[in-house]
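Heads up: the structure comes next, in structure tokens.
2 protein chains.
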Amino acid sequence: MDFKYAKRMAHLKASEIREILKVTERPEVISFAGGLPAPELFPVEEIKVVSRIVLEEDSARALQYTTTEGYTPLRKWIANRMNARLGTAFASENVLLTHGSQQALDLSGKVFLDEGDVVLCESPTYLAAISAFRAYGCNFIEVPTDNDGMIPGELERILESAKRVKLIYVIPEFQNPTGRTWSLERRERLVKAAMKHQVMVVEDNPYGELRFEGAALPSVKSFDQIGCVLCLGTFSKTFCPGYRIGWVAGDKNVIEKYVLVKQGADLQCNTVAQMEIAKYLELYEIDDHINKIREVYRRRRDLTVQTMEEEFPAGVTFTRPQGGLFAWVELPANVNARDVLEKSLEKNVAFVPGGSFFPNGSKENTFRINFSNMPEDRIVKGLKCLADVLREFV
Amino acid sequence: MDFKYAKRMAHLKASEIREILKVTERPEVISFAGGLPAPELFPVEEIKVVSRIVLEEDSARALQYTTTEGYTPLRKWIANRMNARLGTAFASENVLLTHGSQQALDLSGKVFLDEGDVVLCESPTYLAAISAFRAYGCNFIEVPTDNDGMIPGELERILESAKRVKLIYVIPEFQNPTGRTWSLERRERLVKAAMKHQVMVVEDNPYGELRFEGAALPSVKSFDQIGCVLCLGTFSKTFCPGYRIGWVAGDKNVIEKYVLVKQGADLQCNTVAQMEIAKYLELYEIDDHINKIREVYRRRRDLTVQTMEEEFPAGVTFTRPQGGLFAWVELPANVNARDVLEKSLEKNVAFVPGGSFFPNGSKENTFRINFSNMPEDRIVKGLKCLADVLREFV
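Residue numbers (numbering that gives the first Met the number 0), protein chains in the order written: chain A, 0 to 393; chain B, 0 to 393.
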């Protein structure tokens with residue numbers, strides 16, 4: 000049969016990461032490719048306890064359908080947490096639970112994007128956000144970006160001239176893929192520009208809790224005076240990703256629209272998962288747990304940066320992230336990271352070439368390094384091996 | 000701020016059911032409104048066991064990210080189950096796990112529907128399928144339907160003349176909202192027409208396992224010779240809905256497209272839920288459990304039909320479903336079920352008016368009765384009360 004797909008299917012291709020991850024399932028492969036948290040840090044014993052309690056105390060509710068908005072005690076906790084950490088002023092009604100923050104990206108596309116609308120994003124930006132938005136037929140304009148975030152003059156120039164800009168998508172903390180963090184000034188200028196041009200900002204913050212050093216900065220949202228910033232968050236990096244619980248928080252009128260589209264998309268999140276996380280947050284100190292994650296990732300980050308400094312050949316530059324899961328490597332302009340990957344896979348070392356993180360395609364001389372998922376000896380071994388490969392190219 | 004939503008948002012409205020369900024949270028309300036399974040039938044003790052085992056044996060995998068396609072042992076089980084019961088010939092590669100079968104509806108819209116495309120559906124049809132497809136800007140043609148399914152002559156006439164038909168959406172077993180089941184002949188003629196016109200069929204089957212009497216019939220898919228039928232299923236009615244695990248099965252090329260759009264939509268299903276269900280299916284006989292559900296729902300169906308026969312005034316007709324969760328009531332043409340609902344809510348009895356189940360709007364003299372969720376005494380009490388209200392109108 001000649002399957003007649005929707006037009007959008009012509010633009011969608013398999014995530015390069017997910018394809019590489021399939022290769023890296025072999026245990027001998029040292030993989031810097033995924034964005035996976037360290038599984039040895041999952042709070043397994045605590046999850047056993049809360050899982051038992053939820054089923055003992057409230058099984059009829061935990062296994063049943065619930066509201067689209069999500070379990071109120073969890074939404075309340077999220078609102079309080081954001082208010083305390085990020086300078087926001089949310090109530091539970093401002094929060095919709097989503098099936099991971101990936102779903103919040105998809106719903107953002109569905110709520111705001113018509114075919115031909117424009118999304119502004121950092122250059123480079125998160126690969127799966129590109130896929131999520133692209134499914135709604137949008138175009139991207141990549142805003143030039145340096146170590147402090149989008150360059151305000153460039154952003155303002157684009158907002159003055161570009162037509163049909165609907166969303167500005169940013170990851171201000173320990174960005175995926177670069178590991179960079181926006182300065183305070185850039186956050187404020189972003190919101191000023193968005194307010195002036197009445198454009199929505201999607202502030203995606205999956206890694207913000209994983210700061211290794213330096214002082215936390217107020218969120219982009221904290222500067223918002225008109226409801227133009229939506230905040231995305233997730234338990235995937237601070238708790239565990241298997242539960243698929245994330246959220247979007249923002250102006251109540253907008254969140255009501257998200258609820259409507261979530262109804263049609265999948266009715267609601269997994270009820271058990273919502274209640275188990277809420278019970279965990281009630282019985283345990285998640286900050287103690289997050290501190291453990293921070294310490295382990297900090298050591299891995301230190302080792303990653305140190306090994307790259309010691310081993311990578313001259314001409315190769317990289318970021319020194321203050322938190323999160325990723326560092327970003329730039330090769331001389333004439334080197335294609337896909338060629339490097341081909342060689343390094345032969346030596347059982349994997350990473351993600353950077354080209355896919357640019358929605359309009361460019362900078363093939365870049366790649367992303369994940370440092371959260373592997374024990375220290377494998378990080379060093381893998382980076383040394385990768386350095387050998389790089390010396391063939393640089 | 001003046002929020003500039005996507006055009007699709009103008010067509011989306013809150014599900015009437017979900018709005019009514021909010022009213023019915025008061026414990027004194029006798030509600031025939033939802034589609035909720037009976038919570039006292041959830042296999043709680045077994046779930047406690049499998050939840051403990053999965054976390055004991057395989058926590059690093061259960062709490063981590065997994066593939067978009069889903070947990071292979073569970074996909075294999077689903078393929079085998081469908082092949083044994085429904086006359087299909089699926090392997091695990093034909094099955095994609097989805098966040099409830101509601102997500103499979105949403106993904107179907109995303110894979111196939113461009114703005115202005117046409118979906119053919121039964122008249123009436125499942126409310127949340129209308130919302131899911133409508134988000135992609137499609138139009139609906141309601142195919143006239145009787146007790147045996149879509150009327151083939153009408154379907155064929157529409158396929159001959161209508162432009163841009165992309166999907167035919169059907170629920171052949173114990174349909175939501177009518178409780179009707181398609182005859183064998185109608186299933187075969189549907190597929191013949193779909194093959195002739197090269198149109199995809201989405202065969203949604205959430206209730207098929209809940210047959211109270213009579214012999215099971217081969218699925219619509221079993222007549223498909225060209226890969227034009229996609230099968231949707233779910234564990235929500237045979238296990239529990241809180242886990243949000245459903246599936247779509249079909250031609251491998253098409254399923255690959257679904258995998259692509261699921262990647263962008265939410266990456267993957269809840270890993271723990273997938274593994275717990277797979278462990279449950281390994282350790283227990285789900286047929287024993289389904290038989291228990293069938294027995295309880297059969298008695299509730301019997302009592303529902305019997306009470307309606309005894310109590311409802313002349314001029315009110317209703318279906319006598321052979322399975323599933325719902326019966327469908329038709330009032331004299333001049334009576335509006337929304338007016339009846341207003342009166343019956345005053346007496347703390349709720350149901351869903353039928354109008355919303357017609358995508359193009361009509362038949363306001365109908366309503367849906369759910370009989371799965373309440374104990375027998377409340378069913379009788381509620382229907383007697385509803386009969387009193389009906390006598391004011393008929």
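Yeah, the Cβ is synthetic: ideal placement off N, Cα and C, and Gly gets one too.
Going by DSSP in three states, residue i sits in which element: helix, strand or coil?
i, result
"arginine 367 of chain A", "strand"
"aspartate 113 of chain B", "coil"
"valine 315 of chain B", "coil"
"glutamate 310 of chain A", "helix"
"lysine 165 of chain A", "strand"
"proline 352 of chain A", "strand"
"valine 260 of chain A", "helix"
"methionine 274 of chain A", "helix"
"isoleucine 16 of chain A", "helix"
"methionine 149 of chain B", "strand"
"phenylalanine 392 of chain A", "helix"
"serine 122 of chain B", "coil"
"phenylalanine 139 of chain A", "strand"
"glutamate 281 of chain A", "helix"
"threonine 144 of chain A", "strand"
"glutamate 27 of chain B", "coil"
"valine 43 of chain B", "helix"
"valine 134 of chain A", "Sequence inspection shows alanine at residue 134 of chain A; the valine mentioned does not correspond to that position. Three-state result, alanine 134 of chain A: coil."
"valine 294 of chain A", "The question names valine, yet the displayed sequence has glutamate at residue 294 of chain A. Reduced to three states, the DSSP call for glutamate 294 of chain A is helix."
When burial is assigned at 16 or more other CB atoms within 10 Å of the CB, is residue i buried or exposed?
i, result
"glycine 207 of chain A", "buried"
"alanine 336 of chain B", "buried"
"asparagine 79 of chain A", "exposed"
"glutamine 197 of chain A", "exposed"
"lysine 220 of chain B", "buried"
"glutamate 363 of chain A", "buried"
"threonine 306 of chain B", "buried"
"serine 122 of chain A", "buried"
"isoleucine 292 of chain A", "buried"
"proline 320 of chain A", "buried"
"glutamate 55 of chain B", "exposed"
"serine 160 of chain B", "exposed"
"glutamate 141 of chain B", "buried"
"glycine 241 of chain A", "buried"
"arginine 156 of chain A", "exposed"
"proline 26 of chain A", "exposed"
"alanine 332 of chain A", "exposed"
Using a threshold of 6 Å, is the CB atom of residue i nearer than that to any non-hydrogen atom of the ligand SAM?
i, result
"glutamate 284 of chain B", "By its list of ligands, the structure shown contains no ligand whatsoever, and the ligand SAM lies outside what it can speak to."
Fill in: the segment 254-274 of chain B touching the segment 98-116 of chain A, judged by at least three CB pairs closer than 8 Å
yes
Discussion item. Does the structure place the segment 276-292 of chain B close enough to the segment 247-259 of chain B that three or more beta carbon pairs sit under 8 Å?
Written reply: Output reads no: the segment 276-292 of chain B does not touch the segment 247-259 of chain B.
Item to complete: Jot down the residue ranges of each uninterrupted beta strand (DSSP E) in the segment 63-105 of chain B, minimum 3 residues, whole runs only, in chain order.
Response: 94-97
Worksheet entry | Residues of the segment 270-302 of chain A with Cβ closer than 8 Å to any Cβ of chain B, in chain order | Thr270, Val271, Ala272
Worksheet item: Any contact of the segment 133-152 of chain B with the segment 113-121 of chain B, i.e. 3+ C-beta pairs under 8 Å?
Response: yes
Discussion item. Using a Cβ distance threshold of 8 Å, determine whether the segment 222-232 of chain A contacts the segment 57-72 of chain A, with at least three qualifying pairs required.
Written reply: Not touching, per the Cβ criterion.
Worksheet item: Where in the segment 182-256 of chain A do unbroken runs of the alpha helix (DSSP H), each at least 4 residues long, occur, reported from the N-terminal end onward?
Response: 183-196
Worksheet entry | Given 8 Å, three or more beta-carbon pairs between the segment 206-221 of chain B and the segment 341-355 of chain B | no
Practice prompt. Mind checking the segment 364-390 of chain B against chain A and listing, in chain order, the residues whose C-beta falls within less than 9 Å of any C-beta there?
Written response: none
Discussion item. For the segment 18-35 of chain A against the segment 333-351 of chain A, do three or more pairs of beta-carbon atoms, one drawn from each stretch, fall closer than 8 Å, so that the two count as touching?
Written reply: Judged by pairs of C-beta atoms under 8 Å, the segment 18-35 of chain A touches the segment 333-351 of chain A, as three or more such pairs exist.
Item to complete: Please name the residues in the segment 61-82 of chain B whose beta-carbon is closer than 9 Å to at least one beta-carbon of chain A, in chain order.
Response: Ala61, Leu62, Gln63, Tyr64, Thr65, Thr66, Thr67
Practice prompt. Could you tell me whether the segment 176-193 of chain B touches the segment 143-154 of chain B, using the rule of 3 or more Cβ pairs below 8 Å?
Written response: yes
Worksheet item: Should the segment 321-331 of chain B be regarded as contacting the segment 365-375 of chain B, the criterion being three or more beta carbon pairs within less than 8 Å?
Response: yes
Worksheet item: Any contact of the segment 108-115 of chain A with the segment 86-94 of chain A, i.e. 3+ C-beta pairs under 8 Å?
Response: Output reads no: the segment 86-94 of chain A does not touch the segment 108-115 of chain A.
Worksheet item: Taking a cut of 7 Å between CB atoms, which residues from the segment 233-262 of chain A lie near chain B?
Response: Cys239, Pro240, Gly241, Tyr242, Arg243, Asn252, Val253, Lys256, Leu259, Val260, Gln262
Discussion item. What are the residues in the segment 110-125 of chain A lying within 7 Å of chain B by C-beta distance?
Written reply: Val110, Phe111, Leu112, Asp113
Worksheet item: the segment 90-104 of chain A: which residues have C-beta closer than 7 Å to a C-beta of chain B, in chain order?
Response: His98, Gly99, Gln101, Gln102
Item to complete: Pull out every residue of the segment 8-38 of chain A whose Cβ sits closer than 9 Å to any Cβ of chain B, in chain order.
Response: Met8, Leu11, Lys12, Ala13, Ser14, Arg17, Leu20, Lys21, Gly33, Gly34, Leu35, Pro36, Pro38
Worksheet item: Which residues, in chain order, does the segment 130-146 of chain A contribute to contact with chain B at a C-beta distance below 7 Å?
Response: Ser130, Ala131, Ala134
Worksheet item: Name the residues in the segment 335-361 of chain B whose C-beta lies less than 9 Å from a C-beta of chain A; which are they?
Response: none
Discussion item. Output needed in chain order: residues of the segment 215-227 of chain A with a Cβ under 9 Å from some Cβ in chain B.
Written reply: Ile225, Gly226, Cys227
Discussion item. Count Cβ pairs between the segment 28-37 of chain B and the segment 373-393 of chain A that sit closer than 8 Å; are there 3 or more?
Written reply: Inter-segment contact for the segment 28-37 of chain B and the segment 373-393 of chain A is absent: fewer than three beta-carbon pairs are separated by less than 8 Å.
Worksheet item: Of the residues that make up the segment 180-200 of chain A, which ones have a beta carbon closer than 9 Å to any beta carbon in chain B?
Response: Met194, Gln197, Val198, Met199
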